Amino acid sequence: MMKQLQQMQTKMAKMQEELETVEVTGTAGGGAITVTANGHQRILSVAIEPEVLEEGAELLADMVLAAVNDALDRSRELASQQMGSLTAGLGLPPGLL
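If you're matching positions, the sequence shown starts at 6 in the numbering used here and goes up one per residue.
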């Protein structure tokens, strides 16, 4: 049992390292706003097509917010999938870790 826990701890550390380097992209406005995040839900970049700037500050803010939320949702989903594959063989209830 102890050996199994140590192996899981090692795998979890490796997974955390991988999540740091994995990038996901969220978009809004038909791709006019693109936000890139990593697997740790850190925003890495925001790209805005120049024509969107003409739409006004309020619409721009709404689209940036939507793209950020899309990127963060994708990042959380990725982390959840990786955690699920890591703990699949342990018989733990879903969401425990």
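The beta-carbon is built from N, C-alpha and C at its ideal position, and this holds for glycine as well. None of these values were measured; they are calculated from a predicted model.
- By the Cβ criterion, the segment 62–72 is not in contact with the segment 14–23, since fewer than three pairs of Cβ atoms, one from each stretch, lie closer than 8 Å.
- Under DSSP, Val40 takes part in a beta bridge, and its partners are Gly31 and Val51.
- For Leu83, the number of other beta carbons within 10 angstroms of its own is at least 16, and it is reported as buried.
- Rounded to whole angstroms, the Cβ separation of Ile38 and Val69 is 6 Å, and the two are in contact under 8 Å.
- Only residues of its own chain outside the window of five on either side were considered, and among them Gln87, Met88 and Leu91 have a CB closer than 8 Å to the CB of Met20, listed in chain order.
- The beta carbon of Thr41 is closer than 6 Å to those of Glu28, Thr30, Leu49 and Ser50 in its chain, skipping five residues each way along the sequence.
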